[in-house]
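4 protein chains.
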Amino acid sequence: MRSMIPDYLTDVLEHVEPDTSGATAGYIPELADAEPEQLGAAFATVDGQVYAAGDCDAEFSIQSISKPFVYALALADRGFDAVLARVGVEPSGEAFNEISLEGGSGRPLNPMINAGAITTHSLVGVAGSDPAERLERVVDGLSAFAGRQLEMDESVCASEMAFAHRNLAIGHMLRSHDILTEDPATVVEGYIRQCSLLVTTRDLAVMAATLANRGVNPLSGKQVVPEPVLRQVLSVMATCGMYDAAGDWATQVGIPAKSGVAGGLIGTLPGQIGIATFSPRLDAHGTSVRGVSLFHRFSSDMGLHVMEVPPAARAVVRSNRVVGSGPHAIRVIELQGGIRFAGVERVVREVVETAPAETRVALDLTMVSSVDDVSRRMLLEIVRRLTLEGHGVTLVDPESILPGPHPGGGRVTVVNDLGETADLVADEERAAPRA
Amino acid sequence: MRSMIPDYLTDVLEHVEPDTSGATAGYIPELADAEPEQLGAAFATVDGQVYAAGDCDAEFSIQSISKPFVYALALADRGFDAVLARVGVEPSGEAFNEISLEGGSGRPLNPMINAGAITTHSLVGVAGSDPAERLERVVDGLSAFAGRQLEMDESVCASEMAFAHRNLAIGHMLRSHDILTEDPATVVEGYIRQCSLLVTTRDLAVMAATLANRGVNPLSGKQVVPEPVLRQVLSVMATCGMYDAAGDWATQVGIPAKSGVAGGLIGTLPGQIGIATFSPRLDAHGTSVRGVSLFHRFSSDMGLHVMEVPPAARAVVRSNRVVGSGPHAIRVIELQGGIRFAGVERVVREVVETAPAETRVALDLTMVSSVDDVSRRMLLEIVRRLTLEGHGVTLVDPESILPGPHPGGGRVTVVNDLGETADLVADEERAAPRA
Amino acid sequence: MRSMIPDYLTDVLEHVEPDTSGATAGYIPELADAEPEQLGAAFATVDGQVYAAGDCDAEFSIQSISKPFVYALALADRGFDAVLARVGVEPSGEAFNEISLEGGSGRPLNPMINAGAITTHSLVGVAGSDPAERLERVVDGLSAFAGRQLEMDESVCASEMAFAHRNLAIGHMLRSHDILTEDPATVVEGYIRQCSLLVTTRDLAVMAATLANRGVNPLSGKQVVPEPVLRQVLSVMATCGMYDAAGDWATQVGIPAKSGVAGGLIGTLPGQIGIATFSPRLDAHGTSVRGVSLFHRFSSDMGLHVMEVPPAARAVVRSNRVVGSGPHAIRVIELQGGIRFAGVERVVREVVETAPAETRVALDLTMVSSVDDVSRRMLLEIVRRLTLEGHGVTLVDPESILPGPHPGGGRVTVVNDLGETADLVADEERAAPRA
Amino acid sequence: MRSMIPDYLTDVLEHVEPDTSGATAGYIPELADAEPEQLGAAFATVDGQVYAAGDCDAEFSIQSISKPFVYALALADRGFDAVLARVGVEPSGEAFNEISLEGGSGRPLNPMINAGAITTHSLVGVAGSDPAERLERVVDGLSAFAGRQLEMDESVCASEMAFAHRNLAIGHMLRSHDILTEDPATVVEGYIRQCSLLVTTRDLAVMAATLANRGVNPLSGKQVVPEPVLRQVLSVMATCGMYDAAGDWATQVGIPAKSGVAGGLIGTLPGQIGIATFSPRLDAHGTSVRGVSLFHRFSSDMGLHVMEVPPAARAVVRSNRVVGSGPHAIRVIELQGGIRFAGVERVVREVVETAPAETRVALDLTMVSSVDDVSRRMLLEIVRRLTLEGHGVTLVDPESILPGPHPGGGRVTVVNDLGETADLVADEERAAPRA
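As you go down the protein sequences, you meet chains A, B, C and D in turn. Under this note's numbering, residue 435 is the last one in the first sequence; the count climbs by one each step, no gaps. Under this note's numbering, residue 870 is the last one in the second sequence; the count climbs by one each step, no gaps. Under this note's numbering, residue 1305 is the last one in the third sequence; the count climbs by one each step, no gaps. Under this note's numbering, residue 1740 is the last one in the fourth sequence; the count climbs by one each step, no gaps.
Printed below as a string of structure tokens:
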């Protein structure tokens, strides 16, 4: 069998190809002269599978798509407090190159606008590193996100430097507020070099998948940034990534995203997938016209909107029955599926309502596919409370989906299948009566 | 066993109780004189369980918390196009009572600011309904969300009317742009009456859970608004619900939310839970001080942030093996857990990479807890493609998690357990070779 | 001889007549349907001569041109402090119907924008007067400026009331800030009635001339508002009267001015002239297109720009000579022209440098045409100082241009011609030698 | 006699001296450490008399007071169109260091804010001059306004350069809009050097007097900038010179003015006087606290407000009589004072109403002190019209106040006194009857 995903990608690219509206970015010749018909798309899964179609290996400059990744690097290198002291997280409702500084403090409103991104660039690496070291850290960090060493487009870089007046204006304004504390021209140059790194659509999909995968590059398996950084980065992409079109994007597409003026566009579904598209013609917001269309299709076809209510899961409690009889009876509650707060609450309720009369209670986790942190804690609390009430509690957990089950003050026996439980009961009874 | 959830609620209420900062809303005596020490919280699950603690049955006026619900009613009654033509979805980055109209059109930026909410009120019910009918529809709709008939606080309403100058200003401004097309004073009065409905914390949790539950009130089981409305409402709450604190809330709490000046605050986790808190002292943004603290706790303790990457699920492909041998051999691919796009992609890959030599292929869905729409379509496409390649395909689906498995051009046999499949194979062979 | 001024007016009207650009105000039929070809202009001098040409007797609604006059009435009726507490004097740089309230206080930025004009209307008459009394005072006051009883256009008024949404919005916003302290709808109605008064171009010229003439209507001779009010009104017209075109107007025309949407436009040159034009087609700022052209012509042709440096005056000291000889010698300093600070300073210098050795000093004011307040005080100080030094001082002032010449501590003799002075000297000497 | 003007200056300085509110500019040590008690004031008349008191010879940096003078130089060097294409004339209503560029064009709103002043600096000298030549032209130009060679404070200049981040930001922003077309850092450096020129209060008064005196330095007698530039510069000072306090200043002081952060403040009364004050402590607008008080005093004590209605001048028609009788009769209309439009209009009327029956008409200008351009043209038109009607017209103009009296199509005889006129009549009659 052939996978239908490449077919799907090919199909959607064909669907948007006739749209030749918009125009390439006009401010430097390298962008203005890009072949406007280029069109590519790629998906990268959190376990490293990449699907790519069209001009997915064409290189182009990363531009503003570097912003969320460099924000992640800054958070990783300096910590949340140091970064938040200099760059806010509020949507500006304005275009990407508006200065948008907070009254008084001069703090850029968020890291997705240029003012915030320039500041963020200055916060990568250890404090006090020189501009060359810092740039090296940025290049290496972005390369780690992509899973290969990225190169700079010196021609784009030179042109951008020659037209950097607005960014230099922003840099000096930041310097005047002591948001930048060094020569603004040097920081702006570093930022421009960051934006001039060459990527392919495929690279961008892997980078987005690294964000979706708790900071671990699914190809290399390396932890690029620590996990706590991701929630912050994805939240900021969701609220500020699309500038003044944030609301339309949030309602209609609902995928945290970021675009670049060279025509790239990425989106990240936490825990699921990284998506990238490439087509150089831009709309009035500076975002790829066909890229926007593709993301609308992806969101709608694949149910990827973050506010999409997931399908009603099969009840987390698969069965609740008594195995054996008399003193040998075991109350067995069988769970299934992925368990998050809403599921574990249902388990609590089942146990409470059952009020098991049996001495022995087993929670069968064999068919459970995932357990999140709060659910793990609450399952252990169920065990603890049952133990305190005098029950003997067994977890049937052949694949250790609930690792380290040591509830404070409780006691639990872990077995691989329910048969063992029955055996254990028999063993116990042969030994000594429980207190 | 006693449930630990009430204990948890009691514990977090105790934790925030000492915080007496902030002040009750001062603009009308009914709000100014509210007992400031009141404190309550409630959770409502999508299957109708309500946990409530503290002053969870104290009544207070719903105020701005009515906005997302009335927006849902307007979308349901008039359709997306009619509503979007008059109210946008962009965050304003401004306080709730800023006028914030789009330049030119005069369209309010979003339905969570007063200008948008007044307009939204005017769009409830069938076009041309008179103000009394419209108000009745609003009251009945909000009551349906709450699952009980809500009453109006006439005293609050009268005071609000006497201090409605700013809302009247907004109303006349909307009228001047033809966003409102009737007497603005009448619409503002209706809006004020809407805001004066009395609710309890418990009610609000159920209302929020109705949003989380695809528009179905989990207590009454009634579909209050159609499902497609929900994604829109939740997206707008996520981006615009907290006004000028949107970014802080999105990064730190990450729960679509809405607050009211009487001290109420709600949050909705799609598919999981509705949350409500009540405490009358407000911060500078007009949001309950203790309510904000409680939501920070809930988000952090229970992993409820929408950008929280869910725990790595157990592989969706539980096993891939051959049962039987020779011509009787069946390739059995056993799936598990909840399947969304990222999961079904893994299934596709498994089938592609396996390239089964066996004539018979079975997909065992017994341990699958949910299948979303795109995954359902892709599973059926797998079936279709395997069939086209000459395989006989069997679905093991005892609980019909994949209803209506009629892939275009394919053929599939559905059985309750794998044993049946073996039997079928034997039967087939006894009969006649397949075409 | 025929006066050339009517010829000039006719000529300039012919010059602008071919310009049919712009459009009548479209928001109410009465304005939209005005005959667009109407064109008139009038000058009124401060001594009551009116020159008028074209459609100078056609009636139209006064609209925003009422604003400076009603501001004058409010200042007259309530005093500067009470009015300034509620309406500022800062240019808004925005269009006439922007709300433009000061952050915090809610005070309208100036009385020429609608928010300020509505507030100003509420401040006419004695505090506590009812709306009908107040409106009567406004109508009577505007009529006193015009020198005839003005009538209201009830049809315009009714239409304006039906389209008053924006003004009502402003009114309620002002009420919400307690800038208005009564029902805003009543104040807005009064304001609209004020704007609906019918005037002719001739009337407007007389009204403008009353502002130029220290508040005295040059036709009726009545003091309509007290003199100190005028400087304030003219200053505010100069800085705020042309809204967002203030700078262009100030540099190119330089005449304090105010326009109305019915096509009227007035300008006032303090001490010299009131000008009015009428032509209904408006530019993007809401100002009469041909009116603007006419004012450019008037300013340039007649040197009416307030920053025009006046022609170098003939030296204020016409002659400085000694009449007679020996003990009979009189030092005679002959002055001429209008004397303001710069002139009197020159007189001081002349006296200081002359250091007259003669016992007798005469200041001959026969050829002086005016003396302002500071000059009067300084002339008297010269007299006082000369007297203290032992000089006998004589003023030759046949027309009492320097009334009440009683310098503190000095002594002065006033005569009608220099001959009398010589006689006096002779008389004195015949009497007794001076100390 | 001693002049009372120095006494007056000393008196007002003593009056404001106790006010120690405000603070010196804090951003560079040279300004922060200025002796805060310094206090000086000076008047310079348009004929070159300078009165100065207090610390009137202390040097300080000119700072923003250079702006109107450099604007004048740019207008002189490049013409109005070239300058207006790059710098507007609209008040910004904002603080001096706001960027305040027009949407779209990026043109600074006016030349008094930094963005406009930096642009203006770039427009001095011939197009294409190098930065050093341009700076030399600025220094020489400002020195010409002052009447002495000004020196630069290198220490202030170095400090300003080190803290120029905001001006550099503005410069780069202007460059990004192509308002500047060269390296912004070079222009900003030039601008900072311009602001670092050292002046005394006495210098500033002379500079202001040069503006008042049609561009002619009253000390040196040199024409520093051409006359048409002055109206533009003074208008812009009047509307934009005091930034966000423009309205208060315009109503209460009414003198076109400009302040600098070193504590200087100048004002110009066209045709009359230049005023300067110096005191380093600044208010919230960045203007000298005592300077503001002093200007309030000057305006009020000396009637210097531009909207002050001048004193009613003695009637411009001093007498209207017939001299001689029978065929020898001459109609003599005697004029007096300064004649501007309002005066000449009165003369026209007198002639029209008189409708002289006499063949001979004389206009006696002996007592006229000034005649502006429009009045000159109208007087000649009177002559022309009288001539056409068959009158013989004589001007009695001993001091040639009406030079070049050659009315198109008319004929006029100029005499030194009325006696000559009678003689002429006699002569004529003796000769031949006129055609």
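In this text, a Cβ means the ideal position worked out from N, Cα and C, and glycines have one as well.
Do residue i and the ligand NAP come close, with the Cβ less than 7 angstroms from some heavy atom?
| i | result |
| --- | --- |
| residue 752 of chain B | The ligand NAP is not part of this structure, which contains no ligands at all. |
Answer yes or no: do residue i and residue j have a C-beta to C-beta separation smaller than 8 angstroms?
| i | j | result |
| --- | --- | --- |
| residue 291 of chain A | residue 268 of chain A | no |
| residue 1411 of chain D | residue 1333 of chain D | no |
| residue 1609 of chain D | residue 1638 of chain D | no |
| residue 681 of chain B | residue 441 of chain B | no |
| residue 53 of chain A | residue 34 of chain A | no |
| residue 275 of chain A | residue 298 of chain A | yes |
| residue 224 of chain A | residue 201 of chain A | no |
| residue 1380 of chain D | residue 1534 of chain D | yes |
| residue 1694 of chain D | residue 1077 of chain C | no |
| residue 1240 of chain C | residue 1200 of chain C | no |
Assign residue i to one of two classes, buried (16 or more other C-beta atoms within 10 Å of its C-beta) or exposed (fewer than that).
| i | result |
| --- | --- |
| residue 1711 of chain D | exposed |
| residue 762 of chain B | exposed |
| residue 502 of chain B | buried |
| residue 1481 of chain D | buried |
| residue 1740 of chain D | Summary for residue 1740 of chain D: the model assigns pLDDT 40, below 50, so the residue's position carries little reliability; its value from the coordinates is reported in the next sentence. With fewer than 16 other Cβ atoms within 10 Å, it is exposed. |
| residue 1303 of chain C | At residue 1303 of chain C the pLDDT is 47, less than 50, meaning the model places this residue with poor confidence and gives no usable figure here. |
| residue 693 of chain B | buried |
| residue 1286 of chain C | exposed |
| residue 884 of chain C | exposed |
| residue 1592 of chain D | buried |
| residue 1264 of chain C | buried |
| residue 622 of chain B | buried |
| residue 1102 of chain C | buried |
| residue 1697 of chain D | buried |
Can you name the residues of chain A whose CB is closer than 9 angstroms to the CB of residue i?
| i | result |
| --- | --- |
| residue 1414 of chain D | Result: empty, since nearest Cβ-Cβ is about 16 angstroms, beyond 9 angstroms. |
So who's on the other strand from residue i, going by DSSP bridges?
| i | result |
| --- | --- |
| residue 1626 of chain D | D:1637 |
| residue 1570 of chain D | D:1564 and D:1582 |
| residue 875 of chain C | Bridge partners of residue 875 of chain C: none, in fact. |
Using a cut-off of 8 angstroms between C-beta atoms, extract the partners of residue i located in chain C.
| i | result |
| --- | --- |
| residue 1329 of chain D | Residues of chain C passing the Cβ test: none, with the nearest at roughly 26 angstroms. |
| residue 600 of chain B | 1042, 1043, 1045, 1046 and 1054 |
If the cut is a Cβ gap below 7 angstroms, which residues of chain D does residue i touch?
| i | result |
| --- | --- |
| residue 168 of chain A | 1477 |
What residues from chain D crowd round residue i, counting only those whose CB sits closer than 8 angstroms?
| i | result |
| --- | --- |
| residue 1219 of chain C | 1308 and 1354 |
> If you scan the region 1408-1468 of chain D from start to end, which runs of the alpha helix (DSSP H) of 4 or more residues do you find wholly inside it?
Replying inline: Entirely contained in the region 1408-1468 of chain D, the alpha helix (DSSP H) runs reaching 4 residues are, in chain order, 1419-1427, 1436-1451 and 1459-1467.
>> Ignoring anything shorter than 4 residues, give me the alpha helix (DSSP H) runs that lie fully in the region 1031-1072 of chain C, in order along the chain.
In response: Counting only runs of 4 or more, we get 1035-1046 and 1054-1065.
> Along the chain, which unbroken stretches of the beta strand (DSSP E) at least 3 residues long are found entirely within the region 366-411 of chain A?
Replying inline: With a minimum length of 3 residues, the continuous beta strand (DSSP E) runs that stay inside the region 366-411 of chain A are 392-396.
> Along the chain, which unbroken stretches of the beta strand (DSSP E) at least 3 residues long are found entirely within the region 454-512 of chain B?
Replying inline: You should have 475-480 and 485-489.
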